[in-house]
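Engineer: Residue numbers (this note's numbering): 238 to 583.
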Amino acid sequence: MELESVRIAVVGTGAVGGSVSADLAEAGFDVTLIDQWPAHVETMRADGLTVNTLGAERTVAVRARHLCEVAELRQPFDIVLTGVKTYDTRWVAELMRPLLREDSVFVGLQNGMTIDESAELLGAERTIGCAMGIAANLPEPGYINREVTPAGTWFAIGTLDGARTARLEQLAAVLAPAATVEVTDDVRSAKWMKLIANIPEMLPSALLGVPLLEAATMPGIRPVMDAMSREAYALALDLGIAIRPALGIAPEDVPDGDQYSLDLLDRVLSHFSQPGTKVAVLQDWEKGRRGELDAFSGYIVRKRAELGGRAPVNEAVLRLAERLERGELSPSPENAPLLRDLLAAS
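1) When you compare only the Cα positions, how much space is there between T296 and T287?
2) For the stretch 438-448 and the stretch 557-566, state whether three or more C-beta atom pairs, one from each stretch, are separated by less than 8 Å.
3) Report yes if the CB atom of L432 is closer than 8 Å to the CB atom of I365, and no otherwise.
4) With a threshold of 8 Å, are at least 3 pairs of Cβ atoms found where one atom belongs to the stretch 304-323 and the other to the stretch 265-276?
5) Using 10 angstroms around the beta-carbon of E438, count the other beta-carbons present and answer buried if the total reaches 16, otherwise exposed.
6) Do A393 and S355 have their CB atoms nearer than 8 Å?
7) Pull up the DSSP beta-bridge partners for V248, would you.
8) Return the chain-ordered list of same chain residues with a C-beta closer than 8 Å to the C-beta of I245, the five sequence neighbours on each side being excluded.
9) For my contact list, Y536 and M350 are in at a C-beta cut-off of 8 Å; report their separation, rounded to the angstrom.
10) Quick check on DSSP: helix, strand or coil for R467?
11) Pair every Cβ in the stretch 376-394 with every Cβ in the stretch 416-427, then say whether three or more of these pairs are closer than 8 Å.
12) Given the structure, does L555 come close to the ligand GDP, in the sense that its CB is under 7 Å from one of the ligand's heavy atoms?
13) Who are the near neighbours of Y380 in its chain, counting only those whose CB is closer than 6 Å to its CB and skipping five residues on each side?
14) Going by other Cβ atoms of all chains shown within 10 Å of its Cβ, with 16 needed for buried, is G457 buried or exposed?
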């Protein structure tokens, strides 16, 4: 199938999904944007989708549909990309199931391990995983701030069984305008490397209510982050995950040991973070939405418990995040002592 005839849907066109959608539309692909925020859809229809990449703005004409209009669509899609929150993956997979061919693929442009949910609902043969290095935010309808250029964005994609399928090669070509794309034979391990990078940044930075670079340099916070990283790295080894290059780190620069978990965070800080970059969980909290707690430290705590053990630092940070979601705390630098103290307690 020629790339011009590939039908693509992007479900969830917020910061990440929208950034990729704009790149694909501008490259001339047949792409339909589907979103649940009415104002966002209406703005994109009327004025296009504007992406500000490090001060360079461009507005792209896009075909935008609301979720309520999905039932009106009849022609199947070859590739469905989704940028929704991890906790919305299941219902989005079910929503798009009637619009998938037998050889269509469902691709999560997401953090976390949503490949398992997709495979459970749609089949492993229709699931392609994607690990990402990208930073963006959506401050208002129809407008995205992208903090990493497409050339500096990193995607690793792969099938669950490692097979190099025609659809996988097609996806790599489709995503090329949006990122530097690596095709991997072990996407689970690739996603785990990104998860290890996400673990120390997401909840601590969000609890502190400040941009990631600021959080990482606050007194006593980096040791907490590093302890969380090491717990995630140890769990990965116990689960049989292969430690591999990620986020553009060269194979020869991957150390033998859990120093690599710290190196992954350093890579995020140096290559994917601007002074104002806020992690996704903080962006959600500031908009009054719940965060993806289960996708980050919650996942580490759960998987470690399945092996009969504990990840005490991740567990303690998770409990603080749960307190915030119950309204007992607010994102603030005033939470720094709580983070510092839990390291000693753990």
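From the three backbone atoms N, C-alpha and C, an ideal C-beta is built for every residue, glycine too.
Structural biologist: Per the coordinate set shown:
1) Within the sequence shown, the letter at position 59 stands for residue 296. Within the sequence shown, the letter at position 50 stands for residue 287. So the two alpha carbons sit approximately 4 Å from each other.
2) yes
3) Indexing the sequence shown from 1 puts residue 432 at position 195. Indexing the sequence shown from 1 puts residue 365 at position 128. No, the Cβ-Cβ distance between L432 and I365 is not below 8 Å.
4) yes
5) On the sequence shown, residue 438 is found 201 positions in, with the first residue counted as 1. With 16 or more Cβ atoms within 10 Å of its Cβ, E438 is classed as buried.
6) Translated into the one-based positions of the sequence shown, residue 393 becomes position 156. Translated into the one-based positions of the sequence shown, residue 355 becomes position 118. No; because the gap between Cβ atoms is not below 8 Å, this pair is not in contact.
7) Walking along the sequence shown from the start, residue 248 turns up at place 11. Paired residue(s): I271, T319.
8) Taking the sequence shown and counting its residues from 1, one reaches residue 245 at position 8. Here the set comprises L261, F266, D267, V268, T269, F314, D315, I316, V317, L318, V411.
9) Within the sequence shown, residue 536 is the residue found at index 299, counting from 1. Within the sequence shown, residue 350 is the residue found at index 113, counting from 1. Right, the Cβ-Cβ distance comes to about 7 Å (below 8 Å), so this counts as a contact.
10) The residue labelled residue 467 in the question sits at position 230 within the sequence shown. Helix.
11) yes
12) For the ligand GDP, the structure offers nothing, since it holds no ligand at all.
13) Position 143 of the sequence shown holds residue 380. T287.
14) In the sequence shown, residue 457 corresponds to position 220, counting from 1. Exposed.
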